[in-house]
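Residue numbers (mature numbering (1 follows the signal peptide of the UniProt record, and there is no 0)): -23 to -1, 1 to 292.
C-beta atoms are modelled at their ideal positions from N, C-alpha and C, and glycine is treated no differently.
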Amino acid sequence: MRKYLISFLLFLCFLFLTQSVFAQTGRNALSLIPTNEEQEAIESATTEFDSATASSTVIERVTLTPETRTDLTVESPKTVEPLKKLLDEQQLGSPFPSNPVKYAIRGAVAAGVPPNTIVLLLLLPGVAALIAGARHLVGLRGFGIFLPAALSVVFVATGPIVGIGLFLVIVFVSTTARITMRRLKLKLQYLPRMALILHFVVFGILLILFAAPIIRREELASVSIFPVLILVLLAEDFSRVQLGKSARVAINLTTETLILALASYFFLTTKLVQEFALLKPEVWILSILVFDFLMGRYVGLRFLELWRFRKLIKR
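This is how it looks when you write it as structure tokens:
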């Protein structure tokens, strides 16, 4: 079953990459078709270039213009205005007993709290419930709840392609640094060793950011410090979980963590879920509480265990 999960993850990564490549190719193809004004400007520039001296130098400056997209972690008109419009259009009754949270949300927004921050905070318990359900009901382990949840927020801030790329860089650098120090037989205490690993991880992330003008990835040029800091700080948790585990187990856990993070990312970016949590927060909060309680009472087999022992169960 894990082979199917790994294949599914690779398919998602391929889908994101091809979508990005096709979008970039389309933009480049459209930019190659000059308008009449551009054609006249090209002819004028060609004439001036032909009359220039041999010592003239043409300097091409590459400017990466990031593509604007909806980011729930950033307060922007594209993110905030639709949420404020939803709040303004909703008709409310009396505050008690069924609308206290709705009135509290409107009071906070009127005081200057961004509605996207409120939505993100309301959705985080749902993300935790989703990850816990994937572990307790499906059988996907991953690196606990915190790592996939933090990765999903990073994916919202950077996009899944850049987020997965930076996460894999951190996994590779931290694993390589840990194995290298083990083979060199460096007897270091835990905290100094983790400080060295974080040093190498930060250097690896810097190399990726320095390579942004070369590989011409718009998402890398517009990445903010917030998701990068989260990813760097996750290196300690990842290295701690890796201790005492084989390479195969570490790869399986990493793959399952990425699957959980991608599922949580789609959950966070679904408009219907955002609107439901914002417009009906009381129902949302109680539903998450009931789901967590009922899931905690479940003591049966997980889905992957049912699949693994399906032949034995049929007998």
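Cβ contact annotation for residue 187 (same chain, cutoff 8 Å, sequence separation greater than five): none.
Contact between the segment 201 to 219 and the segment 112 to 128 is present: three or more C-beta pairs spanning the two stretches fall below 8 Å.
Your pair residue 230 and residue 120 checks out as a contact, with CB atoms roughly 6 Å apart and the cut at 8 Å. For residue 214, the three-state secondary structure derived from DSSP is helix.
Taking the C-beta atoms as reference points, residue 197 is found no nearer than 8 Å to residue 207. Residue 242 sits close to residue 137, with the two beta carbons spaced by under 8 Å. Contact between residue 92 and residue 255 holds: their C-beta atoms lie close to 7 Å from each other, under 8 Å.
If only uninterrupted alpha helix (DSSP H) runs of at least 4 residues are considered, those enclosed by the segment 107 to 174 are 123 to 135, 137 to 160.
Apart from sequence neighbours up to five positions away, the residues of its chain that approach residue 113 with a beta-carbon distance below 6 Å are 272, ordered along the chain. With at least 16 other beta carbons inside 10 angstroms of its own, residue 204 counts as buried.
Taken atom to atom, the span from the alpha-carbon of residue 266 to that of residue 257 is near 15 Å. The Cβ atoms of residue 115 and residue 279 lie closer than 8 Å to each other.
About 5 Å separates the Cβ atoms of residue 233 and residue 117, confirming a contact at the 8 Å cut-off. For residue 287, the uninterrupted alpha helix (DSSP H) run begins and ends at 287 to 291, by DSSP. Contact annotation: the segment 96 to 113 does not touch the segment 141 to 148, with fewer than three C-beta pairs closer than 8 Å. Nearest C-alpha to residue 223 among 152, 282, 133, 288: 152. In the DSSP assignment, residue 268 falls within the unbroken alpha helix (DSSP H) covering 258 to 274. Taking C-beta separations shorter than 6 Å and ignoring five residues to either side along the sequence, the partners of residue 143 in its chain run 208, following chain order. Setting aside the 5 residues that flank it on each side, residue 268 is surrounded in the same chain by 106, each with a C-beta closer than 6 Å to its C-beta; the list follows chain order. Using a Cβ-Cβ distance cut-off of 8 Å, the segment 83 to 103 and the segment 50 to 67 are in contact, since at least three pairs of beta carbons, one from each stretch, lie closer than that value.
A direct Cα-Cα distance of roughly 44 Å separates residue 132 from residue 292. The C-beta of residue 48 has 16 or more other C-beta atoms within 10 Å across all chains shown, which makes the residue buried. Take the alpha-carbon of residue 217 and the one of residue 165: they are about 15 Å apart. Judged by beta-carbon spacing, residue 100 lies within the 8 Å limit of residue 250, meaning their Cβ atoms are closer than that value.
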